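Each residue of the sequence shown is one higher than the last, beginning at 140 in this note's numbering.
We treat Cβ as the ideally placed atom computed from N, Cα and C, and that holds for glycine.
This structure is a prediction, so every number in the text was calculated from the model and none was measured.
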Amino acid sequence: MTKRFSTGLDRRTLLGAAATLPLVGSSVASAANRALPHPAGFDELVHATMHDLQIPGMTIGYGRSEAHWVRGYGFADLENGVPATPLSAYRYASVQKPMTAVAVLQQVERGRIELDADVRQYVPYFPRKAYPITVRQLLGHIGGITDYSANPVEEHLKQAMTTQQAIAVFADHDLIAEPGTRFHYTSYGYNLLAAAVETAATVPFGDYLRDHVWRPAGMTSARMDDPLAIIPHRVRGYQFVDGQVRNSEFVDVSSRFGGGASRGNVPDLIRFAVALAEGRLLQPASMELMTTPTRTRDGQIAGFPRTDGYAMGWSVVGDASDRVLFHDGGQTETRTMLILHPSSRLAIASAQNFERDIHPPLAFALWQKVTGRPGPMKVA
């Protein structure tokens, strides 16, 4: 039996908000973008899913080069009845990790970072562990670094942090495995990578992303999140508690600055992925390196189940000639997904202002409608 929408807004109100938005959202985001076709039947799928799962608001779309289709559904702010649109600015969460990986590989290209160097060469204030941890290992999540589960309080930090303060949060944690021997997904490892970029480039990490990743990709909304700043089109975040939608807890995400502390809109996520596929951010050799699955010391491919491994900032499905890359993100206020098919330069991105782990299937459904192919994750 379908549950009633329990936010105080009935289904007609929710769907009406989506129906008033342009079908081609990219025309709102940028007048220079050309329109791609509206996927047949996709609105109905989104409406049904949002109603059944009580999703307050979301934005989703796909793009190739400068041609986009992006649309907002539901509400960016329930209390004030503000519709979600293509311009809505969501926390990106871990879909920032491919951007951090790009920043690292750009510094490798410039000869300022070595992939097989101990990360302490660039982050000397990180304490020495039982084994050296290399940049390459951190990019593939085989560096033995802990995650938030080591101390759940660390997922609820309220204070703004500098780079060194953010590193200090986990600096004294023991390694969970000898580096190179085990896949263990961790945002803390990407904090170390971002700190290494700061040292190599001699600028704050957010400034580096702005000047060397976001601007070259044409991303005008992307920025490091700041609870005190006036951020255009910032969405409100929500959680699901005791069967009802409630406002999200306040959490300052500067403590995860390298693993997921940025905010922006969905068209800019598409622009990032397309710029990467078009070779505007990395040299071909670096792109090949970035998309090749990581292996542990014993030769086993490292990564999540139902994938062909984790590369550098991406989960990977398929072989080198037809590889699909994707990454999801989840933290307080948000769930996100980014999919890239480099050979066709097709990108799909989605974001919702809701913490329930239910969003990727809609992005996967859009992939299937656009490509006619299942996936991208393998059937278990």
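Check whether the Cβ atoms of residue i and residue j lie closer than 8 Å to each other.
| i | j | result |
| --- | --- | --- |
| alanine 400 | valine 413 | no |
| glutamine 470 | glycine 196 | no |
| leucine 477 | alanine 488 | yes |
| serine 227 | asparagine 404 | yes |
| leucine 421 | leucine 254 | no |
| isoleucine 306 | valine 262 | yes |
| asparagine 290 | glycine 398 | no |
| tyrosine 347 | alanine 242 | yes |
| leucine 464 | leucine 479 | yes |
| glutamine 276 | alanine 339 | no |
| isoleucine 194 | leucine 505 | no |
| glycine 438 | valine 234 | no |
| glycine 283 | isoleucine 315 | yes |
| arginine 462 | methionine 516 | no |
| glutamate 248 | serine 425 | yes |
State the Cα-Cα distance for the pair residue i and residue j, rounded to the nearest angstrom.
| i | j | result |
| --- | --- | --- |
| tryptophan 453 | phenylalanine 309 | 23 Å |
| proline 336 | tyrosine 264 | A small correction: the amino acid at residue 336 is valine; proline does not occupy that position in the sequence shown. Their Cα atoms are separated by approximately 14 Å. |
| valine 352 | proline 237 | 10 Å |
| arginine 410 | leucine 175 | 14 Å |
| alanine 223 | histidine 372 | 9 Å |
| arginine 107 | phenylalanine 379 | Here the chain has residues from 140 to 519 only, and residue 107 is not among them. |
| arginine 182 | arginine 495 | In the sequence as displayed, the identity of residue 182 is aspartate instead of arginine. Whole-angstrom Cα-Cα distance: 20 Å. |
| glycine 514 | glutamine 507 | 7 Å |
| tyrosine 201 | proline 225 | 11 Å |
| aspartate 364 | histidine 466 | 19 Å |
| alanine 356 | leucine 415 | 8 Å |
| proline 406 | valine 374 | 15 Å |
| glutamine 260 | isoleucine 369 | 37 Å |
| aspartate 313 | threonine 510 | 44 Å |
| glutamine 298 | tyrosine 212 | 32 Å |
| glutamate 293 | alanine 179 | 43 Å |
| methionine 189 | arginine 267 | 48 Å |
| glycine 418 | alanine 486 | 14 Å |
| leucine 192 | valine 209 | 21 Å |
| valine 167 | histidine 207 | Low local confidence applies: a pLDDT of 37 at valine 167 is under 50, so the model's placement there is unreliable, and no value is given. |
| alanine 232 | aspartate 447 | 23 Å |
| methionine 358 | aspartate 311 | 36 Å |
| glycine 250 | alanine 333 | 16 Å |
| proline 366 | threonine 475 | 19 Å |
| alanine 187 | threonine 301 | 43 Å |
| arginine 512 | histidine 177 | 17 Å |
| proline 423 | arginine 349 | 22 Å |
| arginine 362 | glycine 345 | 7 Å |
Spatial neighbours of residue i within its chain, please: CB distance less than 6 Å, with the 5 preceding and 5 following residues excluded, ordered by chain position.
| i | result |
| --- | --- |
| proline 428 | Checking the sequence shown, residue 428 turns out to be leucine, not proline. Around leucine 428: no qualifying Cβ. |
| aspartate 286 | Thr325 |
| glutamate 218 | none |
| proline 395 | Sequence inspection shows arginine at residue 395; the proline mentioned does not correspond to that position. Here the set comprises Ser326. |
| phenylalanine 503 | none |
Near residue i, what residues of its chain come up, given a Cβ to Cβ distance below 7 Å and the 5 sequence neighbours on each side ignored?
| i | result |
| --- | --- |
| glutamine 303 | Tyr264 |
| alanine 240 | Leu278, Met429, Met451, Gly452 |
| aspartate 257 | Pro271, Ile272, Thr273 |
| arginine 354 | none |
| valine 360 | It should be pointed out that residue 360 corresponds to serine in this sequence rather than to valine. Only Ala228, Gly403, Asn404, Asp407 meet the Cβ criterion. |
| valine 221 | Phe214, Ala215 |
| glycine 457 | Asp447, Val463 |
Apart from the five residues on each side of it in sequence, which residues of its chain come closer than 8 Å, Cβ to Cβ, to residue i?
| i | result |
| --- | --- |
| threonine 435 | Ile281, Gly319, Thr320, Arg321, Phe322, Ala441 |
| glycine 376 | Arg230, Asn386, Ser387, Thr471, Glu472, Thr473, Asn492, Phe493, Glu494 |
| tyrosine 449 | Gly279, His280, Phe322, Tyr324, Pro432, Thr433, Ala441, Gly442, Phe443, Val455 |
| leucine 184 | Leu501, Ala504 |
| leucine 296 | Val308, Val390, Asp391, Ser394 |
Under the DSSP definition of a beta bridge, which residues are partnered with residue i?
| i | result |
| --- | --- |
| glycine 180 | In the DSSP output, where bridge partners are listed per residue, glycine 180 has none listed. |
| aspartate 255 | DSSP, once it has assigned bridges, lists no residue as partnering aspartate 255. |
| isoleucine 199 | Arg210, Ser489 |
| arginine 230 | Arg402 |
| threonine 273 | Asp257 |
| aspartate 216 | Val221 |
| alanine 174 | His207 |
Return yes when the C-beta of residue i is under 7 Å from any heavy atom of the ligand FAD, and no when it is not.
| i | result |
| --- | --- |
| tyrosine 231 | The model on display carries no ligand, and the ligand FAD is accordingly not part of it. |
Less than 8 Å between CB atoms is the rule here; does residue i satisfy it with respect to chain B?
| i | result |
| --- | --- |
| alanine 307 | In the structure shown, chain B does not exist; there is a single protein chain. |
Please list the segments of the alpha helix (DSSP H) lying wholly inside the stretch 281 to 327, counting only runs of 4 or more residues, in order along the chain. Entirely contained in the stretch 281 to 327, the alpha helix (DSSP H) runs reaching 4 residues are, in chain order, 302 to 307.
Mind listing, in chain order, the continuous beta strand (DSSP E) runs of no fewer than 3 residues lying wholly within the stretch 432 to 505? If we require 3 residues or more, the beta strand (DSSP E) runs fully inside the stretch 432 to 505 come out as 454 to 456, 463 to 470, 473 to 480, 485 to 491.
Secondary structure, alpha helix (DSSP H): runs of 4+ residues fully inside the stretch 328 to 407: Within the stretch 328 to 407, the complete alpha helix (DSSP H) runs of at least 4 residues are 344 to 348.
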